[in-house]
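First comes the structure, then the notes that go with it.
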Amino acid sequence: MIKKISAVKIRQNLGQVMNEVTIKGDDYIVERAGKPLVAIVSMTKYRRLQEARSEFFGTVKEIRRRAGAKGAKAAAEAIREASAAAKKQEAKTRLR
Numbered sequence: 052m053i054k055k056i057s058a059v060k061i062r063q064n065l066g067q068v069m070n071e072v073t074i075k076g077d078d079y080i081v082e083r084a085g086k087p088l089v090a091i092v093s094m095t096k097y098r099r100l101q102e103a104r105s106e107f108f109g110t111v112k113e114i115r116r117r118a119g120a121k122g123a124k125a126a127a128e129a130i131r132e133a134s135a136a137a138k139k140q141e142a143k144t145r146l147r
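Those letters in the sequence shown? Residues 52 to 147, per the working numbering, in order.
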């Protein structure tokens, strides 16, 4: 569950928020003056996001490499492959 909390309240209730994030799996959006500033997520979720980010940039690098060598058709094919891989990874992430 995603919850919103003010910057003032997070200072007053940090321990409770940390427990809710680690034990219950809740995510928090910390706001100041009604504007979202930061998100608080579990380390497990953070690591999954980092892995997905690394995979994404690795795929982009591969697409650029292929496109440079073979042109637009190779780039289009690489994009299709990357899209399929991303969808597969997203499905795996949902199952966790």
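Even for Gly, the Cβ is constructed at its ideal location relative to N, Cα and C. Nothing here was measured: the structure is a model prediction, and the numbers come from that model.
Looking at the DSSP output, residue 90 bridges to 80.
Contact between residue 126 and residue 118 holds, with the beta-carbon distance rounding to 4 Å and staying under 8 Å. By a beta-carbon distance limit of 8 Å, residue 56 does not contact residue 72. Their separation comes to about 11 Å. The straight-line gap separating the alpha-carbon atoms of residue 74 and residue 58 is approximately 21 Å. Shortest Cα-Cα distance from residue 63 to any of 76, 77, 81 involves 81.
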